[in-house]
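Everything below concerns the one structure shown next.
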Amino acid sequence: MPWVAVRFAVGVGFALLAVLWFGLVLWILFGSIGVSGVIGLVLILLATVVFGGLVKLLHRYVLYLVTAGHIAVIAHVVETGEVPDNQLQFGKQQVSDRFVEASALFAVDQVIKTVLKQFNKAVASLGQLADFVPALRQLMGIVTQAIGLAASYIDQAILAHMFLHDEKETWTAARDGIVLYGKTWKPVLGSTLLIVLGMQGTMLAFVGGLAVLSGALGGFGTIVETVVWLVIGGFVAVGYFGLLSPWIKTVVITTYLVEADGESPDSETMDYIADRSSTFADVVSRAEKEGEPAPEPVDDVVEDEPGVGTPG
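Under numbering that gives the first Met the number 0, the first residue of the sequence shown carries the number 0, and numbering increases by one thereafter.
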(Lines of atoms letter the chains of each structure in order from A; the text may use other names.)
(Lines give C-alpha, C1' and ligand atoms only; values in the text may rest on other atoms or scores of the structure.)
Protein backbone atom coordinates (compact mmCIF):
# COMPACT_ATOMS: atom_id res chain seq x y z
CA MET A 0 0.00 0.00 0.00
CA PRO A 1 2.81 2.56 0.56
CA TRP A 2 3.85 2.10 -3.06
CA VAL A 3 0.27 2.29 -4.26
CA ALA A 4 -0.07 5.54 -2.30
CA VAL A 5 3.09 6.95 -3.90
CA ARG A 6 1.95 5.95 -7.38
CA PHE A 7 -1.48 7.38 -6.63
CA ALA A 8 0.10 10.69 -5.60
CA VAL A 9 2.24 10.71 -8.74
CA GLY A 10 -0.86 9.92 -10.81
CA VAL A 11 -2.73 12.82 -9.20
CA GLY A 12 0.24 15.05 -9.95
CA PHE A 13 0.28 14.04 -13.64
CA ALA A 14 -3.50 14.49 -13.87
CA LEU A 15 -3.41 17.96 -12.29
CA LEU A 16 -0.51 18.89 -14.56
CA ALA A 17 -2.55 17.83 -17.58
CA VAL A 18 -5.61 19.79 -16.44
CA LEU A 19 -3.56 22.93 -15.75
CA TRP A 20 -1.58 22.67 -18.98
CA PHE A 21 -4.47 22.11 -21.35
CA GLY A 22 -6.74 24.45 -19.40
CA LEU A 23 -4.15 27.20 -19.82
CA VAL A 24 -3.67 26.37 -23.49
CA LEU A 25 -7.41 26.42 -24.19
CA TRP A 26 -7.87 29.68 -22.28
CA ILE A 27 -5.03 31.37 -24.18
CA LEU A 28 -6.10 30.10 -27.59
CA PHE A 29 -9.86 30.50 -27.36
CA GLY A 30 -10.34 33.00 -24.54
CA SER A 31 -7.45 35.42 -24.79
CA ILE A 32 -6.19 35.27 -28.36
CA GLY A 33 -9.37 34.01 -29.95
CA VAL A 34 -7.89 31.74 -32.60
CA SER A 35 -10.03 29.20 -34.41
CA GLY A 36 -10.10 26.83 -37.34
CA VAL A 37 -6.98 25.14 -38.63
CA ILE A 38 -4.59 27.42 -36.72
CA GLY A 39 -6.24 26.57 -33.40
CA LEU A 40 -6.10 22.85 -34.17
CA VAL A 41 -2.41 23.04 -35.09
CA LEU A 42 -1.58 24.93 -31.89
CA ILE A 43 -3.49 22.38 -29.77
CA LEU A 44 -1.59 19.55 -31.46
CA LEU A 45 1.69 21.37 -30.80
CA ALA A 46 0.76 21.83 -27.13
CA THR A 47 -0.08 18.12 -26.92
CA VAL A 48 3.32 17.15 -28.38
CA VAL A 49 5.14 19.44 -25.93
CA PHE A 50 3.15 18.06 -23.01
CA GLY A 51 3.81 14.49 -24.15
CA GLY A 52 7.56 15.15 -24.21
CA LEU A 53 7.43 16.64 -20.71
CA VAL A 54 5.44 13.73 -19.32
CA LYS A 55 7.82 11.24 -20.96
CA LEU A 56 10.77 12.94 -19.28
CA LEU A 57 9.07 12.96 -15.87
CA HIS A 58 7.95 9.35 -16.34
CA ARG A 59 11.49 8.25 -17.07
CA TYR A 60 13.12 9.85 -14.05
CA VAL A 61 10.29 9.88 -11.48
CA LEU A 62 7.59 7.29 -12.00
CA TYR A 63 10.04 4.76 -13.41
CA LEU A 64 12.10 4.83 -10.20
CA VAL A 65 8.92 4.42 -8.17
CA THR A 66 8.00 1.42 -10.32
CA ALA A 67 11.44 -0.13 -9.88
CA GLY A 68 11.30 0.30 -6.11
CA HIS A 69 7.88 -1.32 -6.00
CA ILE A 70 9.16 -4.24 -8.08
CA ALA A 71 12.07 -4.73 -5.66
CA VAL A 72 9.68 -4.92 -2.69
CA ILE A 73 7.32 -7.37 -4.44
CA ALA A 74 10.25 -9.61 -5.34
CA HIS A 75 11.48 -9.54 -1.73
CA VAL A 76 8.04 -10.46 -0.37
CA VAL A 77 7.62 -13.34 -2.81
CA GLU A 78 11.09 -14.66 -2.03
CA THR A 79 11.07 -14.33 1.78
CA GLY A 80 7.40 -14.06 2.73
CA GLU A 81 8.20 -10.94 4.78
CA VAL A 82 7.39 -7.30 4.11
CA PRO A 83 10.23 -4.84 4.83
CA ASP A 84 9.54 -2.53 7.78
CA ASN A 85 10.15 0.54 5.63
CA GLN A 86 9.12 -0.45 2.12
CA LEU A 87 9.96 2.90 0.54
CA GLN A 88 13.46 3.01 1.97
CA PHE A 89 14.06 -0.65 1.13
CA GLY A 90 12.95 -0.19 -2.48
CA LYS A 91 15.00 2.97 -2.87
CA GLN A 92 18.09 1.22 -1.54
CA GLN A 93 17.60 -1.77 -3.83
CA VAL A 94 17.33 0.44 -6.90
CA SER A 95 20.40 2.51 -5.95
CA ASP A 96 22.43 -0.65 -5.25
CA ARG A 97 21.55 -2.27 -8.58
CA PHE A 98 21.53 0.79 -10.84
CA VAL A 99 23.78 3.82 -10.42
CA GLU A 100 21.33 6.11 -12.20
CA ALA A 101 17.87 6.03 -13.69
CA SER A 102 19.21 6.05 -17.25
CA ALA A 103 21.03 2.74 -16.60
CA LEU A 104 17.83 1.11 -15.38
CA PHE A 105 15.95 2.55 -18.33
CA ALA A 106 18.53 1.25 -20.84
CA VAL A 107 18.43 -2.30 -19.48
CA ASP A 108 14.65 -2.34 -19.44
CA GLN A 109 14.38 -1.08 -23.03
CA VAL A 110 16.58 -3.93 -24.28
CA ILE A 111 14.55 -6.46 -22.27
CA LYS A 112 11.32 -5.07 -23.73
CA THR A 113 12.65 -5.44 -27.27
CA VAL A 114 13.68 -9.06 -26.67
CA LEU A 115 10.29 -9.90 -25.13
CA LYS A 116 8.42 -8.22 -27.97
CA GLN A 117 10.32 -10.23 -30.57
CA PHE A 118 10.04 -13.48 -28.62
CA ASN A 119 6.31 -13.11 -27.91
CA LYS A 120 5.64 -12.27 -31.53
CA ALA A 121 7.39 -15.49 -32.56
CA VAL A 122 5.85 -17.91 -30.03
CA ALA A 123 2.60 -16.36 -28.82
CA SER A 124 0.63 -16.44 -32.03
CA LEU A 125 -3.13 -16.76 -31.79
CA GLY A 126 -3.10 -20.33 -33.01
CA GLN A 127 -0.57 -21.39 -30.40
CA LEU A 128 -2.37 -19.59 -27.60
CA ALA A 129 -5.60 -21.26 -28.62
CA ASP A 130 -3.92 -24.63 -28.13
CA PHE A 131 -3.93 -24.14 -24.37
CA VAL A 132 -6.86 -21.69 -24.08
CA PRO A 133 -9.40 -23.03 -26.62
CA ALA A 134 -11.96 -20.33 -25.82
CA LEU A 135 -9.63 -17.76 -27.39
CA ARG A 136 -10.58 -19.07 -30.84
CA GLN A 137 -13.79 -17.04 -30.48
CA LEU A 138 -11.96 -13.84 -29.52
CA MET A 139 -9.36 -13.50 -32.24
CA GLY A 140 -9.61 -9.74 -32.77
CA ILE A 141 -9.62 -8.83 -29.07
CA VAL A 142 -6.82 -11.24 -28.21
CA THR A 143 -4.50 -9.69 -30.80
CA GLN A 144 -4.60 -6.40 -28.92
CA ALA A 145 -4.60 -8.07 -25.51
CA ILE A 146 -1.34 -9.93 -26.16
CA GLY A 147 0.52 -6.68 -26.68
CA LEU A 148 -0.91 -5.15 -23.52
CA ALA A 149 -0.22 -8.25 -21.45
CA ALA A 150 3.38 -8.51 -22.66
CA SER A 151 4.06 -4.90 -21.64
CA TYR A 152 4.16 -5.93 -17.97
CA ILE A 153 6.51 -8.88 -18.33
CA ASP A 154 9.71 -6.82 -18.46
CA GLN A 155 8.95 -5.78 -14.88
CA ALA A 156 8.91 -9.43 -13.85
CA ILE A 157 12.39 -9.78 -15.37
CA LEU A 158 13.51 -6.79 -13.28
CA ALA A 159 12.15 -8.56 -10.20
CA HIS A 160 14.39 -11.54 -11.01
CA MET A 161 17.34 -9.16 -11.29
CA PHE A 162 16.65 -7.68 -7.85
CA LEU A 163 16.47 -11.15 -6.29
CA HIS A 164 19.82 -12.15 -7.79
CA ASP A 165 22.00 -9.27 -6.74
CA GLU A 166 24.98 -11.63 -6.72
CA LYS A 167 24.86 -11.54 -10.52
CA GLU A 168 26.00 -8.66 -12.66
CA THR A 169 23.27 -6.56 -14.28
CA TRP A 170 23.28 -8.01 -17.80
CA THR A 171 23.88 -11.55 -16.58
CA ALA A 172 20.80 -11.33 -14.37
CA ALA A 173 18.84 -9.86 -17.29
CA ARG A 174 19.93 -12.70 -19.58
CA ASP A 175 19.00 -15.40 -17.06
CA GLY A 176 15.68 -13.72 -16.31
CA ILE A 177 14.77 -13.71 -19.99
CA VAL A 178 15.78 -17.37 -20.33
CA LEU A 179 13.54 -18.29 -17.40
CA TYR A 180 10.66 -16.46 -19.08
CA GLY A 181 11.36 -18.53 -22.18
CA LYS A 182 10.68 -21.61 -20.04
CA THR A 183 7.55 -20.23 -18.31
CA TRP A 184 5.93 -17.90 -20.83
CA LYS A 185 2.66 -19.82 -21.16
CA PRO A 186 1.34 -19.45 -17.59
CA VAL A 187 2.78 -15.95 -17.23
CA LEU A 188 1.29 -14.60 -20.44
CA GLY A 189 -1.90 -16.63 -20.04
CA SER A 190 -2.75 -15.28 -16.58
CA THR A 191 -2.03 -11.72 -17.66
CA LEU A 192 -4.08 -12.18 -20.79
CA LEU A 193 -7.19 -13.05 -18.78
CA ILE A 194 -6.76 -9.87 -16.76
CA VAL A 195 -6.40 -7.75 -19.88
CA LEU A 196 -9.52 -9.28 -21.42
CA GLY A 197 -11.40 -8.38 -18.25
CA MET A 198 -10.05 -4.84 -18.48
CA GLN A 199 -11.28 -4.53 -22.05
CA GLY A 200 -14.75 -5.68 -21.06
CA THR A 201 -14.82 -3.08 -18.30
CA MET A 202 -13.60 -0.44 -20.72
CA LEU A 203 -16.43 -1.19 -23.15
CA ALA A 204 -18.95 -0.64 -20.36
CA PHE A 205 -17.17 2.57 -19.37
CA VAL A 206 -17.21 3.90 -22.95
CA GLY A 207 -20.93 3.19 -23.12
CA GLY A 208 -21.43 5.30 -20.01
CA LEU A 209 -19.33 8.10 -21.50
CA ALA A 210 -21.50 8.09 -24.62
CA VAL A 211 -24.57 8.77 -22.46
CA LEU A 212 -22.68 11.52 -20.59
CA SER A 213 -21.60 13.10 -23.86
CA GLY A 214 -25.20 13.45 -24.94
CA ALA A 215 -26.14 15.02 -21.62
CA LEU A 216 -23.31 17.57 -21.83
CA GLY A 217 -24.20 18.67 -25.34
CA GLY A 218 -26.35 21.58 -24.15
CA PHE A 219 -23.88 23.11 -21.67
CA GLY A 220 -21.46 24.72 -24.10
CA THR A 221 -17.94 23.93 -25.29
CA ILE A 222 -16.04 25.22 -22.25
CA VAL A 223 -18.10 23.29 -19.68
CA GLU A 224 -17.98 20.13 -21.76
CA THR A 225 -14.19 20.45 -22.19
CA VAL A 226 -13.62 20.92 -18.45
CA VAL A 227 -15.79 17.90 -17.61
CA TRP A 228 -13.89 15.70 -20.06
CA LEU A 229 -10.55 16.87 -18.63
CA VAL A 230 -11.70 16.00 -15.11
CA ILE A 231 -12.93 12.58 -16.24
CA GLY A 232 -9.64 11.98 -18.04
CA GLY A 233 -7.78 12.89 -14.86
CA PHE A 234 -9.79 10.43 -12.76
CA VAL A 235 -9.25 7.68 -15.32
CA ALA A 236 -5.50 8.33 -15.36
CA VAL A 237 -5.31 8.28 -11.55
CA GLY A 238 -7.36 5.09 -11.33
CA TYR A 239 -5.33 3.25 -13.94
CA PHE A 240 -1.80 4.38 -13.13
CA GLY A 241 -2.33 4.63 -9.39
CA LEU A 242 -4.36 1.49 -8.65
CA LEU A 243 -5.03 -0.87 -11.56
CA SER A 244 -1.56 -0.90 -13.09
CA PRO A 245 0.23 -1.75 -9.79
CA TRP A 246 -2.21 -4.62 -9.21
CA ILE A 247 -1.63 -6.11 -12.68
CA LYS A 248 2.11 -5.70 -12.23
CA THR A 249 1.96 -7.60 -8.95
CA VAL A 250 0.06 -10.48 -10.55
CA VAL A 251 2.56 -10.76 -13.41
CA ILE A 252 5.61 -10.60 -11.15
CA THR A 253 4.33 -13.14 -8.64
CA THR A 254 3.21 -15.53 -11.39
CA TYR A 255 6.59 -15.32 -13.08
CA LEU A 256 8.58 -15.79 -9.86
CA VAL A 257 6.44 -18.73 -8.73
CA GLU A 258 6.62 -20.45 -12.11
CA ALA A 259 10.37 -19.82 -12.40
CA ASP A 260 11.06 -21.14 -8.90
CA GLY A 261 13.12 -24.31 -9.21
CA GLU A 262 13.89 -23.67 -12.88
CA SER A 263 17.43 -23.01 -14.09
CA PRO A 264 18.64 -21.16 -17.18
CA ASP A 265 19.99 -23.54 -19.80
CA SER A 266 21.71 -23.22 -23.14
CA GLU A 267 18.89 -24.93 -25.08
CA THR A 268 16.33 -22.33 -24.01
CA MET A 269 18.86 -19.57 -24.58
CA ASP A 270 19.37 -20.78 -28.17
CA TYR A 271 15.61 -21.09 -28.58
CA ILE A 272 15.15 -17.43 -27.61
CA ALA A 273 18.09 -16.31 -29.74
CA ASP A 274 16.45 -17.90 -32.80
CA ARG A 275 13.35 -15.76 -32.18
CA SER A 276 14.92 -12.50 -31.04
CA SER A 277 17.85 -10.85 -32.76
CA THR A 278 18.26 -8.41 -29.85
CA PHE A 279 18.84 -11.24 -27.36
CA ALA A 280 22.33 -11.67 -28.80
CA ASP A 281 23.14 -8.18 -27.51
CA VAL A 282 22.06 -9.21 -23.99
CA VAL A 283 24.20 -12.38 -24.19
CA SER A 284 27.17 -10.39 -25.45
CA ARG A 285 26.90 -7.86 -22.61
CA ALA A 286 26.64 -10.71 -20.07
CA GLU A 287 29.76 -12.36 -21.48
CA LYS A 288 31.65 -9.08 -21.16
CA GLU A 289 30.79 -9.17 -17.46
CA GLY A 290 32.71 -12.45 -17.30
CA GLU A 291 29.71 -14.73 -16.81
CA PRO A 292 29.65 -17.90 -18.96
CA ALA A 293 26.50 -18.99 -20.72
CA PRO A 294 24.26 -21.52 -18.94
CA GLU A 295 25.12 -25.18 -19.44
CA PRO A 296 22.71 -27.67 -21.05
CA VAL A 297 20.32 -29.48 -18.68
CA ASP A 298 19.01 -33.00 -18.92
CA ASP A 299 15.35 -32.22 -18.29
CA VAL A 300 14.77 -30.10 -21.38
CA VAL A 301 12.05 -31.61 -23.54
CA GLU A 302 11.98 -31.34 -27.28
CA ASP A 303 9.63 -28.79 -28.80
CA GLU A 304 6.01 -29.89 -28.81
CA PRO A 305 4.37 -30.02 -32.22
CA GLY A 306 2.53 -26.78 -32.92
CA VAL A 307 3.83 -25.08 -29.80
CA GLY A 308 7.62 -25.06 -30.03
CA THR A 309 8.36 -24.23 -26.40
CA PRO A 310 11.27 -25.88 -24.54
CA GLY A 311 10.61 -27.35 -21.15
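Note that beta-carbon positions come from the ideal geometry of N, C-alpha and C, so glycine has one too.
Residue burial classification, residue i (beta-carbon count within 10 angstroms, cutoff 16)
| i | result |
| --- | --- |
| Ser276 | buried |
| Leu203 | exposed |
| Asp175 | buried |
| Ile231 | exposed |
| Pro329 | A question about residue 329 goes unanswered here, because the residues of the chain that appear run from 0 up to 311. |
| Glu258 | buried |
| Met0 | exposed |
| Lys248 | buried |
| Pro310 | Any reading at Pro310 must be qualified, since the residue scores a pLDDT of 48, below 50, and its modelled position is unreliable; no value is offered. |
| Leu104 | buried |
| Ala273 | buried |
| Asp96 | exposed |
| Asp303 | Summary for Asp303: the model assigns pLDDT 45, below 50, so the residue's position carries little reliability, and this model does not support an answer. |
| Trp26 | exposed |
Of the listed residues the options, nearest to residue i (C-alpha basis)
| i | options | result |
| --- | --- | --- |
| Ala17 | Val41, Thr47, Val5, Gly261 | Thr47 |
| Thr113 | Gly147, Leu87, Glu81 | Gly147 |
| Pro83 | Thr278, Val72, Val77 | Val72 |
| Val24 | Leu243, Leu229, Tyr180 | Leu229 |
| Gln117 | Gly181, Phe7, Ala67, Val77 | Gly181 |
| Phe7 | Leu45, Val187, Val65, Phe279 | Val65 |
| Trp20 | Gly208, Ala172, Leu44, Trp170 | Leu44 |
| Thr254 | Ala103, Gly208, Leu193, Ala67 | Leu193 |
| Ala14 | Phe234, Gly261, Leu256 | Phe234 |
| Thr278 | Leu243, Ile111, Ala236, Gly68 | Ile111 |
Short Cβ contact (7 Å threshold) for residue i with residue j
| i | j | result |
| --- | --- | --- |
| Ile252 | Ala159 | yes |
| Leu115 | Asp154 | yes |
| Ala156 | Asn119 | no |
| Glu168 | Glu289 | yes |
| Leu163 | Ala286 | no |
| Val9 | Leu62 | yes |
| Val107 | Ala173 | yes |
C-beta neighbour in chain D for residue i, strict 7 Å
| i | result |
| --- | --- |
| Gln109 | Note that chain D does not occur in the displayed structure, where there is just one protein chain. |
* Asked: Does the region 39-55 come close enough to the region 263-277 that 3 or more CB-CB pairs lie under 8 Å?
  -> no
* Jot down the residue ranges of each uninterrupted alpha helix (DSSP H) in the region 15-102, minimum 4 residues, whole runs only, in chain order. => With a minimum length of 4 residues, the continuous alpha helix (DSSP H) runs that stay inside the region 15-102 are 36-57, 63-79, 86-97.
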